[in-house]
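Novice: This is the structure, below, for whatever I ask next.
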Amino acid sequence: MQKSIEAIFSGIQPSGKLHLGNYLGAIQNWVKLQNIAKQNIYCIVDCHAITVPQTQLQKNTLHLAAELIACGIEPQKSILFVQSDNSHHTELNWILSCTALIGWLARMTQFKEKASRERENASVGLYAYPTLMAADILLYKATHVPVGEDQKQHLELTRNIAQRFNNIYDSNIFTIPEPLILEVGARVMSLRDATAKMSKSAKSEMSMINLTDSSEQIAIKIRKSKTDADAIPSETQGLENRLEAKNLIGIYASLQNCSLQSALQKIGGYSFAKFKGELTEMLIDKIIPIGNEINKLKEDENHLRGILAHGAEQAKKISKTTLRTVREAVGFYAP
Ligand code: TYM
Numbered sequence: 002m003q004k005s006i007e008a009i010f011s012g013i014q015p016s017g018k019l020h021l022g023n024y025l026g027a028i029q030n031w032v033k034l035q036n037i038a039k040q041n042i043y044c045i046v047d048c049h050a051i052t053v054p055q056t057q058l059q060k061n062t063l064h065l066a067a068e069l070i071a072c073g074i075e076p077q078k079s080i081l082f083v084q085s086d087n088s089h090h091t092e093l094n095w096i097l098s099c100t101a102l103i104g105w106l107a108r109m110t111q112f113k114e115k116a117s118r119e120r121e122n123a124s125v126g127l128y129a130y131p132t133l134m135a136a137d138i139l140l141y142k143a144t145h146v147p148v149g150e151d152q153k154q155h156l157e158l159t160r161n162i163a164q165r166f167n168n169i170y171d172s173n174i175f176t177i178p179e180p181l182i183l184e185v186g187a188r189v190m191s192l193r194d195a196t197a198k199m200s201k202s203a204k205s206e207m208s209m210i211n212l213t214d215s216s217e218q219i220a221i222k223i224r225k226s227k228t229d230a231d232a233i234p235s236e237t238q239g240l241e242n243r244l245e246a247k248n249l250i251g252i253y254a255s256l257q258n259c260s261l262q263s264a265l266q267k268i269g270g271y272s273f274a275k276f277k278g279e280l281t282e283m284l285i286d287k288i289i290p291i292g293n294e295i296n297k298l299k300e301d302e303n304h305l306r307g308i309l310a311h312g313a314e315q316a317k318k319i320s321k322t323t324l325r326t327v328r329e330a331v332g333f334y335a336p
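Numbers given in this note's numbering equal positions in the sequence shown, counted from 1, plus 1.
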């Protein structure tokens with residue numbers, strides 16, 4: 002499968018610090034794909050972020066650029082840019098809003114979760130969020146989109162929008178993208194409540210590990226993470242109905258780059274105290290160097306701005322060609 006990867010696109014919101022879920026579910030994969038795909042584009046999606054009020058958006062945008070580079074996104078291999086710096090995204094978004102159906106958007110579970118009981122007071126942007134996501138992906142004719150499990154439904158919607166547009170305008174302008182979702186790490190759960198995903202918007206800092214956490218913070222978060230009284234099983238069936246255990250072992254497997262089953266072959270029979278000790282060490286080894294690099298990169302704002310400006314230029318060169326053909330297909334006046 003890997004040989005046929007042509008064009009990667011993915012996005013991430015500058016809405017707070019990156020956490021382990023973002024890293025294991027998405028960014029770790031982006032870093033690997035840079036050496037496999039012919040075209041790699043990663044976008045800091047600030048237009049998506051403002052679907053709910055943001056404070057410190059500029060600062061978070063630059064911070065996220067530093068975080069992504071520190072994780073291993075290389076501007077020589079990947080185009081890294083900010084969504085609002087390329088207005089083709091919002092332009093195509095309008096056109097796709099006229100292709101997407103209200104019924105499709107109404108089924109999006111992420112909107113239902115985010116708006117919850119405040120539905121009437123949610124912004125139109127929050128509701129229309131997935132059409133902008135479709136525009137992001139389709140502008141660059143992405144063949145593959147590496148994301149965590151929570152974005153799967155949005156990817157299906159993107160495919161539906163692309164197909165409907167191609168049918169209506171009797172064209173094959175849009176490539177139908179495939180999601181790339183990892184087997185382990187695609188859904189990292191909260192360390193305090195394994196029924197909820199690890200999320201930037203969670204109230205408790207203890208529920209997540211951030212990429213800028215200190216060794217002490219990582220150690221205490223893992224030590225206090227919820228578990229159960231039984232030892233670690235040797236087979237995956239032994240993890241049924243043990244959500245907390247499954248989550249921690251999933252994190253372990255993802256860090257080891259192995260399946261849940263092969264992780265259990267190594268650690269089956271361990272007590273949680275022993276397992277948590279090993280997991281903490283592995284996390285410290287992985288995260289502390291990234292955190293140090295983030296802090297270093299953050300100090301040189303001009304360098305980060307230069308990378309993002311160059312990325313936006315490269316992105317626009319690609320997206321303007323797609324947008325031109327879309328405008329022609331729709332029948333817009335050509336001035
Ligand atoms: P965002 O900013 O919420 O998350 C960025 C990436 O991290 C993944 N992720 C997780 N993976 C595993 N476990 C978790 N707990 C976890 N939390 C987050 C997400 O699945 C995502 O891959 N709508 C997108 C941003 C976006 C986008 C796009 C993505 C905008 N346009 C086009 C792909 C293509 C979002 O809010 O991601």
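Using N, Cα and C, we set each Cβ at its ideal position, and we do this for glycine too.
(1) Would you please state the rounded distance, in angstroms, between the beta carbons of T281 and A230? I believe it to be under 8 Å.
(2) Touch check for the stretch 264–282 and the stretch 36–51: three-plus C-beta pairs under 8 Å?
(3) Can you tell which of S263, I103, N248 has the C-alpha that lies nearest to the C-alpha of M209?
(4) Buried or exposed: L90, going by 16 or more other Cβ atoms within 10 Å of its Cβ?
(5) Can you tell me whether D137 sits near the ligand TYM, meaning its C-beta is under 6 Å from at least one heavy atom of the ligand?
(6) Is L244 near A195, with beta carbons less than 7 Å apart?
(7) Which class does A313 belong to by DSSP, given the choice of helix, strand or coil?
(8) Any heavy atom of the ligand TYM closer than 6 Å to the CB of Q348?
(9) Taking the alpha-carbon positions, what's the Q35 to I74 distance?
(10) Could you tell me whether the stretch 123–136 touches the stretch 91–103, where touching means 3 or more Cβ pairs closer than 8 Å?
(11) What residue from Q164, F166, I80, M207 has the CA that sits closest to Y141's CA?
(12) Contact defined as beta carbons within less than 8 Å: I believe L25 pairs with W105. What is the distance between those atoms, to the nearest angstrom?
(13) For the alpha helix (DSSP H) containing C259, list its first residue and its last residue.
(14) Who does H145 pair with in a DSSP beta bridge?
(15) List the endpoints of the continuous alpha helix (DSSP H) containing F333.
(16) Work out the CA separation of E206 and S191 for me, nearest whole Å.
(17) Kindly indicate the opening and closing residues of the alpha helix (DSSP H) around Y24.
(18) Using only alpha-carbon positions, find the residue among L183, L69, H304 that is nearest to V146.
(19) Is the beta carbon of A71 sitting closer than 7 Å to the one on L298?
(20) Is it right to say M2 is buried, meaning 16 or more other beta carbons lie within 10 angstroms of its own, or is it exposed?
(21) With a threshold of 7 Å on Cβ separation, who are the neighbours of E68 within its own chain once the five nearest residues in sequence on each side are excluded?
(22) Taking 6 Å as the line, does the beta carbon of L102 fall inside it for any heavy atom of the ligand ADP?
(23) C48 by DSSP, collapsed to three states: which one?
(24) In whole angstroms, what separates the C-alpha of A197 from that of L240?
(25) Between L93 and L139, how many whole angstroms is the CB-CB distance? I'm expecting something under 8 Å.
(26) Is the beta carbon of R188 within less than 6 Å of some heavy atom of the ligand TYM?
(27) Given the structure, does I182 come close to the ligand TYM, in the sense that its CB is under 6 Å from one of the ligand's heavy atoms?
Specialist: So, from the data block:
(1) Not confirmed; about 20 Å, so no contact.
(2) no
(3) N248
(4) Here residue 90 is His; the residue named in the question, Leu, does not match the sequence. Buried, by the Cβ-count rule.
(5) yes
(6) yes
(7) helix
(8) Because the chain in this structure spans residues 2 to 336, residue 348 falls outside the shown range and cannot be described.
(9) 8 Å
(10) yes
(11) I80
(12) Incorrect: roughly 30 Å between the Cβ atoms, too far for contact.
(13) From DSSP, C259 is part of no alpha helix (DSSP H); its letter is neither H nor E.
(14) I9, E179
(15) Element bounds for F333: n/a, residue is neither H nor E.
(16) 10 Å
(17) Run containing Y24: none; DSSP gives neither H nor E here.
(18) L183
(19) yes
(20) Note that M2 scores 47 on pLDDT, short of 50, meaning its location in the model is unreliable; the coordinates nonetheless yield the value given after this. Classification of M2: exposed, given that the 10 Å Cβ count is below 16.
(21) L19, L212, I295
(22) The ligand ADP is absent from the structure shown, which contains only the ligand TYM.
(23) helix
(24) 17 Å
(25) 7 Å
(26) yes
(27) no
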